[in-house]
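Structure, as structure tokens:
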Amino acid sequence: MDYFIAKAPYWITRFGEMGIVLPIATALCLWMLLSARRLRPVLAWLLPFGVAIFITSLSKIAFIGWGLGIAALDFTGFSGHSMFAAGVYPVLAYTLAAQWTQSRRTQRLVMLGGYAFAALIAWSRIEIQVHSWSEVIAGFALGAAASAWAIAHMGAVPARPPLLRLRWALLGLAGWLSVMPLQAAPSRSHDMVTRLALELADHERPFRRADLHSSTLPAS
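Okay, so the sequence shown: first residue is 2 according to this note's numbering, each after it adds one.
Set out below in structure tokens:
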């Protein structure tokens, strides 16, 4: 039992990986489009979410390539897992709940459950010691701001057309979230960002957390 408790954060953190979250986001966009038959709810989410992805990526590139961080806060960039989780799961929860029930109270409770799940993923990044508190809080806040803005501006979620069966969507989602964290290969998104940062900065090695506190410059 102690072994499973110790490994739980490593399992939980995978739910925030780009390779697992982005396919969910893509499927959710298609669901919104088929349900609403208009672009407004999709754009209301994708625009702020896209901005959040850009800011997160830019912060990572700035540190990896040029060492731009905040030593006092142990901040090297927004936590991507925290941002993706807070940007996607609340919108997913709200959209599915809105098509399940007309009760605004229930919709809000399910949406808050999405934020709670995202917060759990953000906590896991601390537990496995890959991010500082400042990075996790910043990433979660950025993703949460994007999802909250989207939920407030996407308008009422229309009733699903007959061809869309919510129970099959829920079964598919449950299957994806059950299998992928255990079977999918680890995400290589950080490696891609690192390569891009090094190309842009023309450095041989990336800045690391130790460099933030020692002001050591990488070889160029």
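Note that beta-carbon positions come from the ideal geometry of N, C-alpha and C, so glycine has one too.
Say yes only if the C-beta of residue i is nearer than 7 Å to one or more non-hydrogen atoms of the ligand MN, and no if none qualify.
i, result
"I56", "Here there are no bound small molecules, and the ligand MN is not part of this structure."
What's the C-alpha gap between residue i and residue j?
i, j, result
"T1", "G68", "What the structure shows of the chain is the stretch from 2 to 221, and residue 1 is not part of that stretch, so it cannot be assessed."
"F64", "L93", "31 Å"
"R189", "I21", "12 Å"
"I129", "P207", "21 Å"
"W32", "Y95", "13 Å"
"I138", "A99", "28 Å"
"A147", "F50", "5 Å"
"P191", "L40", "This sequence places His at residue 191; Pro is not what is there. Cα to Cα, H191 sits roughly 31 Å from L40."
"L48", "S60", "18 Å"
"D203", "T102", "54 Å"
"E205", "R196", "10 Å"
"L1", "G17", "The requested residue 1 is not part of the displayed model; the chain covers only 2 to 221."
"M19", "P10", "17 Å"
"R210", "V111", "37 Å"
"I127", "S215", "22 Å"
"D212", "F79", "17 Å"
"L35", "L23", "18 Å"
"M155", "R15", "28 Å"
Let me know the secondary structure DSSP gives residue i once reduced to three states.
i, result
"F76", "strand"
"I129", "coil"
Return the Cβ separation of residue i and residue j in integer angstroms, given the expectation that the two are a contact with Cβ distance under 8 Å.
i, j, result
"L199", "G66", "6 Å"
"A123", "S83", "4 Å"
"A151", "A45", "5 Å"
"I25", "S125", "Their Cβ separation, rounded to whole angstroms, is 18 Å, which puts I25 and S125 out of contact at 8 Å."
"P91", "A119", "7 Å"
"L201", "I62", "7 Å"
How would you label residue i, buried or exposed, when you count the other beta carbons within 10 angstroms and need 16 or more for buried?
i, result
"K8", "exposed"
"P42", "buried"
"F1", "Nothing can be reported for residue 1, as the shown portion of the chain is limited to 2 through 221."
"Y116", "buried"
"Q108", "buried"
"M193", "exposed"
"R105", "exposed"
"S58", "buried"
"L113", "exposed"
"L1", "Within the shown structure, residues of the chain are numbered from 2 to 221, placing residue 1 beyond reach of any answer."
task = May I ask you to verify whether the segment 84-94 touches the segment 134-143, counting CB pairs closer than 8 Å and requiring at least 3?
result = Taking 8 Å as the limit for Cβ pairs, the verdict is that the segment 134-143 does touch the segment 84-94.
request  = May I ask you to verify whether the segment 133-140 touches the segment 60-80, counting CB pairs closer than 8 Å and requiring at least 3?
outcome  = Contact holds: three or more Cβ-Cβ distances are below 8 Å.
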